[in-house]
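Let me begin by presenting the structure, written as structure tokens, before commenting on it.
In this note's numbering, the protein residues as written are 21 to 128.
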């Protein structure tokens, strides 16, 4: 059964839900970061490694590289069946990246 069919029939395992939520959190973080940096400048990025990479190669390529790397690491965790860690990292991303970005972009 393909992942799409499992999704449509609501037959996903907890591990599959965790990795899909992780990918969604990564994508939302990338979108919010890109919007914030392009609209308000590179100084808005709080991660100094990512900010310096953005200055070097641009916001889009830097975010693509960072998020593809994070997604790859998440997939390795998923394939090694440590789904609780993937779920915990997803919760961490929501609390440490998505909520702050939403707050910052709302108050600017």
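From the three backbone atoms N, C-alpha and C, an ideal C-beta is built for every residue, glycine too.
| Check | Outcome |
| --- | --- |
| For residue 39, does the count of other Cβ atoms within 10 angstroms reach 16, so buried, or fall short, so exposed? | buried |
| Assess, as a yes-or-no matter, whether the stretch 62–77 is touched by the stretch 89–106 under the definition of 3 or more beta carbon pairs within less than 8 Å. | no |
| On a Cα-Cα basis, can you pick out the residue from 37, 113, 87 and 41 that is closest to residue 54? | 87 |
| Which residue wins for smallest C-alpha separation from residue 47, given the options 68, 123, 85 and 35? | 85 |
| Identify, in the order they occur along the chain, each residue of the same chain with its Cβ nearer than 7 Å to the Cβ of residue 60, setting aside the five sequence neighbours on each side. | 128 |
| Considering only the beta carbon of each residue, do residue 119 and residue 52 sit closer than 8 Å? | no |
| Under the rule that 16 or more other beta-carbon atoms within 10 Å means buried, what is residue 69, buried or exposed? | exposed |
| For residue 37 and residue 83, what's the separation of their Cα atoms in angstroms? | 24 Å |
| Between which residues of its own chain and residue 65 is the CB-CB distance below 8 Å, once the five residues before and five after are set aside? | 53, 56, 57, 71 and 74 |
| Alpha carbon to alpha carbon, how far is residue 30 from residue 79? Give it in angstroms, no decimals. | 36 Å |
| Alpha carbons only, please: which of 33, 100 and 49 is nearest the one belonging to residue 125? | 49 |
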